[in-house]
Amino acid sequence: MQFFIKKYKQDNDINTKYEVIAELFSSRIGKILDMPVLEVTAKNEGMIMKQLEKKSNGNVKNLKKIKRALPFEEWLLNIDLKEEHVMDDEENNAYIIDHGHTLSAWKPLYYVVEIINKPVTRFKLWSDLESYKEGVEIVKSLDCDHTRIYLKETANEVAHLFKLKDDEINDFVNISSKILEYRKKILHLLFTN
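Right under this line is the structure:
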């Protein structure tokens, strides 16, 4: 198996750091929920993950998992989910990649307010209503307090890499936790064909 290192952006924008938190949190919480996302590890040189080279066409062994992952992506407020972000591995399993624009990363508050009640994904993962409902139940099985703890732990880990200040971490964790809590409540309303 080959690995890919996604280098950290070199600019000093706080959103580049929030992007790393979003990537890691999405990977970790996705694994807890058995979602088809890559395991991502943060190291000094960048984020390390399995290398995928083939865009998915939906003809994969784990299509059921992919289809029921749509509510997970909506819950995360993934404004960047598109066809190019579903890739196949050599065993014909698909994975959803690139979660750097989830949660409150790269989103000013006015934009979060504008989209919070709407479906935000640009690609619907070949999902149908039944698969979507299954995915909603999976996401709803998560306890909000545990979700916040996972998010805080991830943010603290990234803070050590980038020397983030407490208020920068707390802002991201507080806003993102509120997004997750609210989106979880309305998730069943966000399915569109």
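Per the numbering used here, the sequence shown starts with residue 1, numbered consecutively. Where is the CB? At the ideal position from N, CA and C, for every residue including glycine. None of these values were measured; they are calculated from a predicted model.
Collapsed DSSP secondary structure at residue i in the structure displayed
i, result
"residue 97", "coil"
"residue 155", "helix"
"residue 60", "coil"
"residue 20", "helix"
"residue 123", "coil"
"residue 86", "strand"
"residue 3", "strand"
"residue 187", "helix"
"residue 66", "helix"
Distance, residue j Cα to residue i Cα
i, j, result
"residue 165", "residue 172", "11 angstroms"
"residue 66", "residue 175", "27 angstroms"
"residue 25", "residue 154", "6 angstroms"
"residue 13", "residue 158", "14 angstroms"
"residue 192", "residue 122", "11 angstroms"
"residue 84", "residue 56", "8 angstroms"
"residue 95", "residue 62", "9 angstroms"
Residues sharing a beta bridge with residue i, DSSP
i, result
"residue 72", "Residue 72 pairs with nothing; no bridge assigned."
"residue 41", "48"
"residue 54", "88"
Heavy atom of the ligand ADP within 7 angstroms of residue i beta-carbon
i, result
"residue 173", "As presented, the structure is devoid of all ligands, the ligand ADP included, so that no description of it is given."
Nonlocal neighbours in the same chain, by C-beta distance under 6 angstroms from residue i, ignoring five residues either side
i, result
"residue 148", "177"
"residue 106", "15"
Beta-carbon proximity check, residue i vs residue j, cutoff 8 angstroms
i, j, result
"residue 151", "residue 74", "no"
"residue 79", "residue 120", "yes"
"residue 49", "residue 9", "no"
"residue 3", "residue 33", "no"
"residue 31", "residue 23", "no"
"residue 139", "residue 184", "yes"
Other residues of its chain near residue i: CB distance less than 7 angstroms, five sequence neighbours each side excluded
i, result
"residue 134", "68"
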